[in-house]
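K.L.:
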Amino acid sequence: MRSQLIFLCFTLACAAAQAAEPTPQELFQQAKAEQAHYLETLKALVSVDTGTGTEAGLEQVGAELVKRLEALGAKVTTQPATPSVGDNIVGTFKGTGDKDFLLMVHYDTVFGPGTVAKRPFRIEGERAYGPGVADAKGGVAMILHALKLLQNQQYKGYRTLTVLFNPDEEMGSAGSRQLIAELARQHDFVFSYEPPDKDAVTVATNGINRLKLTVNGRASHAGSAPEAGRNALIELAHQLLQLNALGDKDKGTTVNWTLAKAGEKANIIPALASAEADMRYSDLSETERVQEDALRIIKKQLVADTQVELVMEKGRPPLAKNDASTQLAQTARQLYSKIDRQLQPIAMRFGTDAGYAYVPDSDKPAVLETLGVVGAGLHGDDEYMEIASVAPRLYLTVAMIRQLAQ
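FYI, in mature numbering (1 follows the signal peptide of the UniProt record, and there is no 0) the residues of the sequence shown are -19 to -1, 1 to 387.
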């Protein structure tokens, strides 16, 4: 009799445990029910101008994010994102498991003060429009409401779940990049919530560098004594033609000269000329290769007695293609298939904060990008997000955390 009782208790415990674990379809239904609340939050966020450096708007939205994280049960800390304007906001949840998750996205936009008044949040058909509606306030709302779903489920299967909202991604994350790198190294998994333009997750992003080319020559009268001068503009043009092939198509490296300046008046041989290039790359070795090639090339000069200098300014690093991100994407695809949807793993040409989170030659943390809402028209007047993507992608975050925490 005693053994039968033990067996019965064991059976009931197993049944209770199984009942407590929601199915993918149940998680998806919960996400659908959360969609209306998500849209309310998104409208509130989009309705405040938070262009990078817009102090009042960033302060207002930052305070709201702190309030919402605390209401969800997080321990929240803030610190100024110096030299940027606004605060880095970190919310921490403690659980009972042994895996650590970092969910991160920025709350600044590229749009200046007054944009919201001209283009307020609106819904037309299956799309929502407004400044930053996808990039990345849609991602901010995605994190908040995924947390809400986990709270509703009373789920605590992680060890630590950390949220980072930063105010300066659109200008290079000067005041948050170090914090991103430090936090990432303390976690097993990093999810970043930039928007994809289709149902996809991103396993690799581009890095961004700047090349600055300067030519010093000698001024003289362009009419009466041009031969006495040393034309910096001509030398600059010569160098740009030489340097125009620095990219490597096979490696996905691009170097595009986008800015140039020379001279002060039309009747003066210019003594100074300069140009800047945008470099995008995914191969970590390309920074050194491009710099070495450029310094070698500029030694071949056309205009005698001119001085040519080239400097590379290293910017946002890439999320290089790696096994850990690829495996995360595979998990995401499997979970998506359980609600009869397809998810593509992609590489994107943009640079994002995921590059600061990535640790080369290490499986920790595993980083996955574009877990935000699907959208397009980023940085433009027609920016939008796809409403139909809200519930599936809320489900995806919740399902990923529950799966990976096991």
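Where is the CB? At the ideal position from N, CA and C, for every residue including glycine. Note that the structure is a prediction, hence the values are computed from the model and not measured.
Who does residue 398 pair with in a DSSP beta bridge?
P.N.:
In the structure as shown, the chain begins at -19 and stops at 387. Residue 398 is therefore absent and cannot be evaluated.
K.L.:
Judging by CA-CA distance, which residue of GLN282, HIS168, ASP79, THR234 is the nearest neighbour of TYR139?
P.N.:
Position 158 of the sequence shown holds residue 139. TYR139 has its Cα closest to that of ASP79, out of GLN282, HIS168, ASP79, THR234.
K.L.:
Taking just the CA atoms, how far does GLY153 sit from GLY67?
P.N.:
Numbered from its first residue, the sequence shown carries residue 67 at position 86. Numbered from its first residue, the sequence shown carries residue 153 at position 172. If you take the alpha carbons of GLY67 and GLY153, they lie about 14 Å apart.
K.L.:
Go ahead and pull the three-state DSSP assignment for LYS246.
P.N.:
Residue mapping note: residue 246 aligns to position 265 of the sequence shown, counting from 1. Residue state, collapsed to three classes: coil.
K.L.:
May I ask which residues mark the beginning and end of the alpha helix (DSSP H) holding PRO5?
P.N.:
Stepping through the sequence shown from its first residue, residue 5 is reached at position 24. From DSSP, the alpha helix (DSSP H) with PRO5 extends over 5 to 27.
K.L.:
Taking DSSP as the reference, what is the three-state secondary structure of ARG330?
P.N.:
Locating residue 330 in the sequence shown gives position 349, counting from the first residue. DSSP places ARG330 in coil when its eight states are reduced to three.
K.L.:
Alpha carbons only, please: which of LEU385, ASP231, LYS24, VAL196 is nearest the one belonging to HIS219?
P.N.:
Sequence index remark: in the sequence shown, residue 219 carries index 238 (1-based). Of the listed residues, the one whose Cα sits closest to HIS219 is VAL196.
K.L.:
In or out: GLU150 buried (at least 16 other Cβ within 10 Å) or exposed?
P.N.:
For the purposes of this step, residue 150 is identified with residue 169 of the sequence shown, where counting begins at 1. By the neighbour-count rule (16 or more Cβ atoms within 10 Å), GLU150 is buried.
K.L.:
Is the beta carbon of LYS302 within less than 6 Å of some heavy atom of the ligand ZN?
P.N.:
Judged by which ligands are present, the structure shown has none, so any question about the ligand ZN falls away.
K.L.:
With a threshold of 16 other CB atoms inside 10 Å of the CB of THR77, please say whether the residue is buried or exposed.
P.N.:
Counting from 1 along the sequence shown, the entry for residue 77 is found at position 96. Answer is exposed; the Cβ neighbour count stays below 16.
K.L.:
Using a Cβ distance threshold of 8 Å, determine whether the segment 259 to 272 contacts the segment 190 to 205, with at least three qualifying pairs required.
P.N.:
Judged by Cβ distances under 8 Å, the segment 259 to 272 makes contact with the segment 190 to 205, as three or more pairs qualify.
K.L.:
Assign LYS242 to buried or exposed, taking buried as 16 or more other Cβ atoms, counted over all protein chains shown, within 10 Å of its Cβ.
P.N.:
Here residue 242 refers to the residue found at position 261 of the sequence shown. Looking at its Cβ environment, which holds fewer than 16 other Cβ atoms inside 10 Å, LYS242 is exposed.
K.L.:
According to DSSP, is TYR139 part of a helix, a strand, or is it coil?
P.N.:
Your numbering for residue 139 matches position 158 in the sequence shown. In the structure shown, TYR139 sits in coil (DSSP, three-state: anything other than H, G, I, E or B).
K.L.:
With H, G and I counted as helix, E and B as strand and the rest as coil, what does DSSP make of GLY111?
P.N.:
The residue labelled residue 111 in the question sits at position 130 within the sequence shown. If DSSP states are grouped into helix, strand and coil, GLY111 belongs with coil.
K.L.:
What residues in its chain sit with their C-beta under 6 Å from that of residue 395, if we drop five residues either side in the sequence?
P.N.:
Lying outside -19 to 387, the shown extent of the chain, residue 395 is not represented and no answer is given.
K.L.:
Mind pulling the beta strand (DSSP E) runs of 3 or more residues that sit fully within the segment 126 to 202?
P.N.:
141 to 147, 170 to 173, 181 to 185, 188 to 197
K.L.:
Apply the 10 Å Cβ neighbour rule to HIS360 and answer buried if 16 or more other Cβ atoms are within range, or exposed otherwise.
P.N.:
Locating residue 360 in the sequence shown gives position 379, where the first residue counts as 1. When all chains shown are included, HIS360 counts as exposed.
K.L.:
On the DSSP letters alone, give me the boundaries of the beta strand (DSSP E) that ALA347 sits inside.
P.N.:
The residue given as residue 347 occupies position 366 in the sequence shown. That run of the beta strand (DSSP E) goes 347 to 349.
K.L.:
Using 7 Å as the threshold, is the C-beta distance between ALA301 and LEU265 below it?
P.N.:
Residue mapping note: residue 301 aligns to position 320 of the sequence shown, counting from 1. Residue mapping note: residue 265 aligns to position 284 of the sequence shown, counting from 1. Yes; because the gap between Cβ atoms is below 7 Å, this pair is in contact.
K.L.:
What number of angstroms, rounded off, separates the C-alpha of GLN135 from the C-alpha of PHE331?
P.N.:
Reading the sequence shown from its first residue, position 154 is the one you call residue 135. Reading the sequence shown from its first residue, position 350 is the one you call residue 331. Computed Cα separation, rounded: 37 Å.
K.L.:
Just confirm the distance between the C-beta atoms of VAL184 and ALA328, as a whole number of angstroms; I'd bet it's less than 8 Å.
P.N.:
Within the sequence shown, the letter at position 203 stands for residue 184. Within the sequence shown, the letter at position 347 stands for residue 328. With 8 Å as the limit, VAL184 and ALA328 qualify as a contact, their Cβ atoms being about 6 Å apart.
K.L.:
Using 8 Å as the Cβ pair cut-off and three pairs as the minimum, do the segment 278 to 292 and the segment 351 to 371 touch?
P.N.:
no
K.L.:
What did DSSP end up calling GLN220 once you bin it into helix, strand or coil?
P.N.:
By 1-based counting over the sequence shown, the position of residue 220 is 239. It is helical.
K.L.:
State buried or exposed for ASP231, treating a residue as buried only when at least 16 other CB atoms are found within 10 Å of its CB.
P.N.:
On the sequence shown, residue 231 is found 250 positions in, with the first residue counted as 1. By the 10 Å Cβ count, ASP231 comes out exposed.
K.L.:
Give me the Cα-Cα distance between SER255 and LYS179, rounded to the nearest whole angstrom.
P.N.:
Here residue 255 corresponds to residue number 274 of the sequence shown, with the count starting at 1. Here residue 179 corresponds to residue number 198 of the sequence shown, with the count starting at 1. Distance between the alpha carbons of SER255 and LYS179 is about 39 Å.
K.L.:
What residues in its chain sit with their C-beta under 8 Å from that of LEU217, if we drop five residues either side in the sequence?
P.N.:
To locate residue 217, count along the sequence shown from 1; it is residue 236. Closer than 8 Å at the Cβ level, and outside the excluded window around LEU217, lie LEU194, VAL196, ALA241, ALA243, ALA254, SER255, ALA256.
K.L.:
Please state the DSSP three-state secondary structure of ARG270.
P.N.:
Numbered from its first residue, the sequence shown carries residue 270 at position 289. Helix at ARG270.
K.L.:
What number of angstroms, rounded off, separates the C-alpha of SER370 from the C-alpha of LYS75?
P.N.:
Against the sequence shown, residue 370 aligns to sequence position 389. Against the sequence shown, residue 75 aligns to sequence position 94. If I take the Cα positions, the gap works out to 29 Å.
K.L.:
Taking its Cβ as the centre, do 16 or more other Cβ atoms sit within 10 Å of GLU267, making it buried, or is it exposed?
P.N.:
Along the sequence shown, one-based indexing puts residue 267 at 286. In this structure GLU267 is buried. Its beta-carbon is surrounded by 16 or more other beta-carbon atoms within 10 angstroms.
K.L.:
Taking just the CA atoms, how far does ALA275 sit from GLY358?
P.N.:
The residue you call residue 358 lines up with position 377 of the sequence shown. The residue you call residue 275 lines up with position 294 of the sequence shown. Those two C-alpha atoms are separated by around 34 Å.
K.L.:
Am I right that PHE9 and ALA372 are in contact with their C-beta atoms under 8 Å? What's the rounded C-beta distance?
P.N.:
Here residue 9 corresponds to residue number 28 of the sequence shown, with the count starting at 1. Here residue 372 corresponds to residue number 391 of the sequence shown, with the count starting at 1. Right, the Cβ-Cβ distance comes to about 7 Å (below 8 Å), so this counts as a contact.
K.L.:
With DSSP collapsed to three states, give me the class of THR312.
P.N.:
Position 331 of the sequence shown, counting from 1, holds the residue named residue 312. Of the three classes helix, strand and coil, the one that applies to THR312 here is helix, per DSSP.
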